[in-house]
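Reviewing the structure listed below.
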Amino acid sequence: MSTFLWGTATAAYQIEGAAAEDGRGPSIWDTFSHTPGRVRDGHTGDVACDHYHRFAEDVALMAGLGVNAYRFSISWPRVLPAGSGAVNAKGLDFYERLVDTLLAAGIAPVPTLFHWDLPQELEDRGGWLNRDVSALFADYAAVVADRLADRVPMWITLNEPFVHMAFGYGLGVHAPGRTLLVEALPTAHHQLLGHGLAVRALRAAGAGKVLIANNHTPVWPASGHPGDQVAARAYDTLHNRLFLDPLLLGAYPDLSAYGNGMDGVRDGDLGVISTPIDGLGINYYNPTRIAAPTEDGLPFAEAPLTGYPTTAFGWPVVPDGLRELLVGLTTRYGTALPPLYVTENGCSQDDTRSPGGTVDDPARIAYLEGHLAAVERARAEGADVRGYFVWSLLDNFEWAEGYHQRFGLVHVDFATGERTPKASYHWLRDHLARLS
Ligand code: PNW
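Dropping the structure here:
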């Protein structure tokens, strides 16, 4: 797989639906979305895009787009309904059907093993605050690899352990809805430990390449004032270094801005976490502007980043931030940095289907054009970027926003499940055709 990977990305809970079908167990996102007040308008992933039943149509859409890779995620509770113990063969069968359909279409399957849908039973045992979950994650990785390692060329262990820690355990805006602030830090260590153990389990099962997909951001101090500079460094430590230094350098960064730092690190853990990987997945959405804290609690405050176009989410559109990030990581980590893959990049827009059945999304085309050019500039400046995956193939369940944020290249009518390729889909198809 030395050719550049062009793909789209999705995640199980966001698209599959079939939440209670074929033996799938509940995850923390089922619990969270069914708790009133947690997700906008009470939306849930019960049906979502019904991809569980419509996956063949979705693979055909990707084939029509001309991509050579697909990043999806495997639902842990579909494979192991209680998180550990009994294997649900029907769950594995589904992913085997998906993988075989992709391969028949000439599309490389790139599964992510954990995209936030922890089996509820493991949350009941403390979730990622419980160190035991790290080893159970590796056991689950081995179960999936036993079935699929012969056909899957590239694996991703975790999706965005930073966002899962910060939103799920720190701020409570994602499942499992805990509000622990800095007390959430052990979930970083346990996720990273789970990653390292899973890398080893995957290799033992004969898996191909193994990556992790991190969410990273360029951190911009709000001003030159020392307080803002110090806060920006503290934020960079939490969002970027905490999830890369242990992986690539075998050591945690200085976490003294976060109280007692990292509890619960045992001898040998960092050796496991820094097990070599074959690539680093980068999910990029926007830079982050940081100012000195205004109240007690965290050592930084997020400041608005104005003067840029915004997505429907209100996120600033800053394509050059992707170049800055890719080149900045290359400079920071040097030879310790494995090849880079942009595993997510995209935007939500208020896309509507016209009576004629078309979906015009010029802002998404401009977004993609800008960010693809930024990847090219990064490569010209020495960043070893080997792939780019658009978030997302389909409009889908956007976590706490429910179905309100549409990120897809393909429009989904959630009442009927009908798929309509947007203008951006046709644009990307033509763009990829020109490259080959
Ligand atoms: C990612 N932030 O989440 C996830 O991997 C996807 O599942 C999600 O649909 C996509 O980005 C769009 O939100 C993020 O606020 C959530 O920095 C929040 C942030 C970044 C990424």
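Okay, so the sequence shown: first residue is 1 according to UniProt numbering, each after it adds one. Note that the Cβ used here is the ideal one computed from N, Cα and C, for glycine as well.
For residue i, which residues from the same chain have a beta carbon less than 8 angstroms from its beta carbon, with the 5 sequence-adjacent residues on both sides left out?
i: Ala56; result: Thr101
i: Leu249; result: Ser274, Tyr333, Ala336
i: Ala86; result: Leu80
i: Val272; result: Leu193, Gly196, Leu197, Arg200
i: Asn68; result: Thr3, Leu5, Trp6, Gly7, Gly106, Ile107, Ala108
i: Thr35; result: Gly177
i: Val143; result: Val79, Leu80, Val87, Leu92
i: Arg353; result: Val359, His411, Asp413, Thr420
i: Gly362; result: First, the residue type needs correcting, since residue 362 is Pro and not Gly in the sequence shown. Ala423, listed in sequence order.
i: residue 518; result: This structure cannot settle anything about residue 518, because the visible part of the chain is limited to 1 through 436.
So residue i packs on residue j, CB below 8 angstroms; how close in whole Å?
i: Gly206; j: Thr275; result: Going by Cβ atoms, the distance from Gly206 to Thr275 rounds to 16 angstroms, so no, they are not a contact pair.
i: residue 474; j: Pro246; result: This structure gives no information on residue 474, because the portion of the chain shown stretches from 1 to 436.
i: Met165; j: Thr187; result: 5 angstroms
i: Leu325; j: Pro218; result: 5 angstroms
i: Glu160; j: Asn88; result: That pair is no contact at about 26 angstroms.
i: Val327; j: Ala383; result: 5 angstroms
i: residue 480; j: Asp50; result: No answer is possible for residue 480: the residues shown for the chain start at 1 and end at 436.
i: Gln349; j: Arg406; result: 6 angstroms
i: Ala175; j: Phe397; result: With a Cβ gap of about 12 angstroms, Ala175 and Phe397 do not count as contacting.
i: Lys90; j: Gly17; result: At roughly 15 angstroms, the Cβ-Cβ gap does not stay under 8 angstroms, so Lys90 and Gly17 are not in contact.
i: Ala423; j: Val359; result: 7 angstroms
i: Leu255; j: Met262; result: 6 angstroms
i: Leu61; j: Arg147; result: Rounded, the Cβ-Cβ distance is 25 angstroms, inconsistent with contact.
i: Pro119; j: Gly25; result: 6 angstroms
i: Leu340; j: Arg377; result: In fact, because the Cβ distance is near 14 angstroms, the residues do not count as touching under 8 angstroms.
i: Glu344; j: Asn260; result: At roughly 32 angstroms, the Cβ-Cβ gap does not stay under 8 angstroms, so Glu344 and Asn260 are not in contact.
Please tell me whether residue i has its Cβ less than 8 angstroms away from any Cβ of chain D.
i: Arg147; result: The structure shown contains no chain D; it is built from a single protein chain.
Can you give me the Cβ contacts of residue i inside the same chain, cut-off strictly under 7 angstroms, excluding the 5 residues immediately before and after it?
i: Ala278; result: Reading the sequence as shown, one finds Asp at residue 278 and not Ala. Lys209, Val210, Leu211, Pro338.
i: Pro316; result: Asn286, Leu305, Tyr308, Thr310
i: Ala374; result: Pro319, Asp320, Leu322, Arg323
i: residue 445; result: Look at the range of the chain in this structure, 1 to 436, and you will see that residue 445 is not part of it.
i: Ala291; result: Ala222, Asp228, Ala231, Ala301, Ala303
i: Ala251; result: Asp245, Leu270
i: Val133; result: Leu122, Gly127, His190, Gly194
i: Gly281; result: Ile156, Leu211, Ile212, Ala213, Asn214, Tyr341, Thr343
i: Val265; result: His189
i: Gln351; result: For the sequence presented, residue 351 should be read as Asp rather than Gln. The answer, listed in chain order, is Val359, Asp361, Arg406, His411, Lys422.
Leaving out five residues on either side along the sequence, give the residues of the same chain with a beta carbon under 6 angstroms from the beta carbon of residue i.
i: Glu121; result: Ala82, Gly83
i: Thr416; result: none
i: Tyr258; result: Val182
i: Glu418; result: none
i: Leu202; result: Ala141, Ala145, Trp155, Val210
i: Gln184; result: According to the sequence shown, residue 184 is Ala rather than Gln. Cβ neighbours of Ala184 beyond the five flanking positions: Met165, Tyr169, Gly170.
i: Asn240; result: His216
i: Pro421; result: Val410
i: Val39; result: Ser33, Ala400, Gly402
i: Phe162; result: Asn215, His239, Phe243
i: Arg429; result: Leu65, Gly66
i: Val110; result: Ala69, Arg71, Met154
i: Arg379; result: Val385
i: Leu234; result: For clarity, residue 234 is Ala in the given sequence; the question names Leu instead. Once the five neighbours on either side are set aside, the close Cβ partners of Ala234 are Ala257, Pro299, Phe300.
i: Asp236; result: Val219
i: Ile365; result: Ser424, Trp427
For the ligand ATP, is there any heavy atom lying closer than 7 angstroms to the beta carbon of residue i?
i: Gln120; result: Among the ligands present in this structure, namely the ligand PNW, the ligand ATP is not found.
> Three or more beta-carbon pairs under 8 angstroms between the stretch 105-125 and the stretch 74-83, yes or no?
Replying inline: yes
> If you scan the stretch 219-278 from start to end, which runs of the alpha helix (DSSP H) of 4 or more residues do you find wholly inside it?
Replying inline: 226-239, 269-273
>> With a threshold of 8 angstroms, are at least 3 pairs of Cβ atoms found where one atom belongs to the stretch 1-13 and the other to the stretch 386-395?
In response: yes
>> Just to confirm the assignment: which complete alpha helix (DSSP H) runs, minimum length 4, are found wholly within the stretch 65-139?
In response: 76-79, 89-104, 120-123
>> Does the structure place the stretch 41-61 close enough to the stretch 84-103 that three or more beta carbon pairs sit under 8 angstroms?
In response: yes
> For the stretch 12-24 against the stretch 283-294, are there 3 or more C-beta pairs whose distance is under 8 angstroms?
Replying inline: no
>> Please give me, in chain order, every unbroken run of the alpha helix (DSSP H) with length at least 4 that falls completely inside the stretch 128-207.
In response: 132-148, 185-204
> In chain order, which alpha helix (DSSP H) runs of at least 4 residues are fully inside the stretch 299-355?
Replying inline: 319-333
>> Could you tell me which whole beta strand (DSSP E) segments of length 3 or greater appear in the stretch 350-425?
In response: 385-391, 410-412, 419-421
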